[in-house]
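These notes concern the structure reproduced below.
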Amino acid sequence: MNLASLILTAFGTIILAGVGQLTWYDITVWGKDIVLIFFGSRTGEAISLGIGVRVIHYLLIGLVLFLSGIFAFLRKRRLGANGEPSSKLERDARTIDKL
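See the structure below:
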């Protein structure tokens, strides 16, 4: 599970870095407005992929991948290797619940 969370987080980070770089480039070089960057059409540009994907879609995909990876990592870390709670307090609470 740690490998899966690492891969999700890495892909999310790479996509978010690309969105950030593209946004920064469009603002500094072309002087575009941020709303136009995220919601405007990029037909004919390499990022469009010919399917009408806008920068906002890449932003959302990157965020979902990044947050999913972080959530999976934290959940696995909280539960421990065998799926049981890792802290003594949580183990004691589960024991009391079973009684």
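Residue numbers for the sequence shown follow our numbering, so the first one is 154 and each next one is one higher. Idealized CB from N, CA, C, for every residue including glycine.
Whole-angstrom C-beta distance between residue j and residue i, which should lie under 8 Å
i      : j      : result
Val172 : Tyr211 : 5 Å
Leu226 : Thr166 : Checking the sequence shown, residue 226 turns out to be Phe, not Leu. That pair is no contact at about 13 Å.
Ile168 : Ile214 : 6 Å
Secondary structure of residue i, DSSP reduced to three states
i      : result
Gly193 : coil
Asp179 : helix
Gly184 : coil
Span separating the alpha-carbon of residue i from that of residue j
i      : j      : result
Ala207 : Ser194 : The sequence shown places Arg at residue 207, rather than the Ala named in the question. Whole-angstrom Cα-Cα distance: 6 Å.
Thr259 : Ser221 : As shown, the chain starts at 154 and ends at 252. That puts residue 259 outside it, with no answer to give.
Asp179 : Arg231 : 41 Å
Leu156 : Lys229 : 11 Å
Cβ-Cβ distance between residue i and residue j below 8 Å
i      : j      : result
Ile209 : Phe191 : yes
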